[in-house]
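Visitor: Note that my numbering has the sequence shown beginning at 1, numbered continuously upward.
Before I ask anything, here is the structure I am working with.
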Amino acid sequence: MRDKRKYKRVDKQFLASYEILNNELEITNSGMAVELDLSMNGIQLELPVKPEVGTSIRVRLALVDRIIAVFGHVVWVEQGADVYHVGLKLTKIQKGYREIIKDFLSTEEK
Numbered sequence: 001m002r003d004k005r006k007y008k009r010v011d012k013q014f015l016a017s018y019e020i021l022n023n024e025l026e027i028t029n030s031g032m033a034v035e036l037d038l039s040m041n042g043i044q045l046e047l048p049v050k051p052e053v054g055t056s057i058r059v060r061l062a063l064v065d066r067i068i069a070v071f072g073h074v075v076w077v078e079q080g081a082d083v084y085h086v087g088l089k090l091t092k093i094q095k096g097y098r099e100i101i102k103d104f105l106s107t108e109e110k
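Okay, structure coming up:
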């Protein structure tokens with residue numbers, strides 16, 4: 001099967017925090033997640049709760065020596081044994097944070 005992704009994805013697990021937001025951008029659930037992979041436009045998380053497709057989530061990631069916050073919306077959800085694997089399309093990344101992600105991905109691909 002050919003990978004149709006525009007951006008390379010780095011498979012590396014590390015902890016992240018998440019906040020599930022409602023339409024008014026109020027936090028409805030929050031906690032810790034496992035980040036499973038990351039690209040310039042998406043992230044896969046392992047969550048203890050099931051968000052609905054289309055839900056907005058804020059994720060805080062520790063990359064290198066910086067903690068960055070990104071926003072995304074849920075594009076798919078798969079149920080695992082005790083957790084949910086959630087695919088996010090990143091929708092908001094501050095300009096400086098985008099460079100941090102780019103540097104992290106280029107370092108991890110080597």
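Ideal placement from N, C-alpha and C gives every residue a C-beta, glycine not left out.
Bear in mind the structure is a predicted one, so any value in this text is a computation, not a measurement.
Would you mind giving the Cβ-Cβ distance between residue 18 and residue 59, rounded to the nearest angstrom? I have them listed as a contact below 8 Å.
Guide: Right, the Cβ-Cβ distance comes to about 5 Å (below 8 Å), so this counts as a contact.
Visitor: For the beta strand (DSSP E) containing residue 29, name the first residue and the last one.
Guide: Residues 27-38.
Visitor: Measuring only the C-alpha atoms, how far is residue 87 from residue 66?
Guide: Whole-angstrom Cα-Cα distance: 23 Å.
Visitor: Cutting at 6 Å between CB atoms, please list the residues of its own chain near residue 34, excluding the five before and the five after it.
Guide: Within the same chain, residue 34 has close Cβ partners 13 and 46.
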